[in-house]
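Each position in the sequence shown, counted from 1, maps to that position plus 110 in the working numbering.
What follows is a short report on a single structure.
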Amino acid sequence: MFEILSSLLKYIFTTVIYFFIFSVIRLIYLDIRSINNRLETAPGKHPYLKLINRRDSLSFKVEESYILDNNKTLGRSSKNDIAIQDPYLSSRHAEFIIKGDSYYIKDLESTNGTRVNGMRLADDMVRLDNGDKIQVGQLTFIFVKEY
111 MFEILSSLLK
121 YIFTTVIYFF
131 IFSVIRLIYL
141 DIRSINNRLE
151 TAPGKHPYLK
161 LINRRDSLSF
171 KVEESYILDN
181 NKTLGRSSKN
191 DIAIQDPYLS
201 SRHAEFIIKG
211 DSYYIKDLES
221 TNGTRVNGMR
231 LADDMVRLDN
241 GDKIQVGQLT
251 FIFVKEY
C-alpha cells in the first residue's frame, strides 16, 4: 500500500514540476514576443508624443510615449485613440491630424483647453514642429518628428 501511494505521489510531483517548467518557458516566450512587437512599432519609425511628466507623480495610468502613425484623437473617453483618465481632460479633448508630411493639432472645444508652447489653441489647427510642447490637462508632451 505504501509503495503504491509513494509511486503515485512521485508521478504527481513530477507532473507538477514539468507543468511549472512549461509555465516558466511560456512566460519567457510571451515576454520575448511582446518585446519584438514593441520594437516593430517603436516610436523611432513614426512621429510620436513623449511624456515629460513623471509618471509616478500622476494618479492615473499614462504611457511614456504615443505613436502618431495616423489621425488620432486624445481624451478621457475610451472611444479615443489615445485614452487617458486625467480628470482635467475632456472626453474628446484634442485631435492630431496628418496632412502630407505635416502634423497638426486641433482642440476639440475642450473645457480646459490645449496649449502648444504655452499658447492656448483657438478654433484653428496648429502645425506641429519637432520639439513643440503640448499641454493637455495635467500632462505635458513633446512632439518628436525627427528621428
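The beta-carbon is built from N, C-alpha and C at its ideal position, and this holds for glycine as well.
Remember, predicted model here, so these are calculated numbers, not experimental data.
When the beta-carbon positions are compared, L178 and G247 stay at least 8 Å from each other. In the structure shown, the three-state DSSP call for F132 is helix. In the structure shown, the three-state DSSP call for F251 is strand. A straight-line Cα-Cα distance of about 24 Å links L231 and H156. Per DSSP, the continuous beta strand (DSSP E) segment holding G185 begins and ends at 182–185.
The Cβ neighbour count for S117, taken over all protein chains shown within 10 Å, is under 16; the residue is labelled exposed. Counting along the chain, T224 sits inside the beta strand (DSSP E) bounded by residues 224–226.
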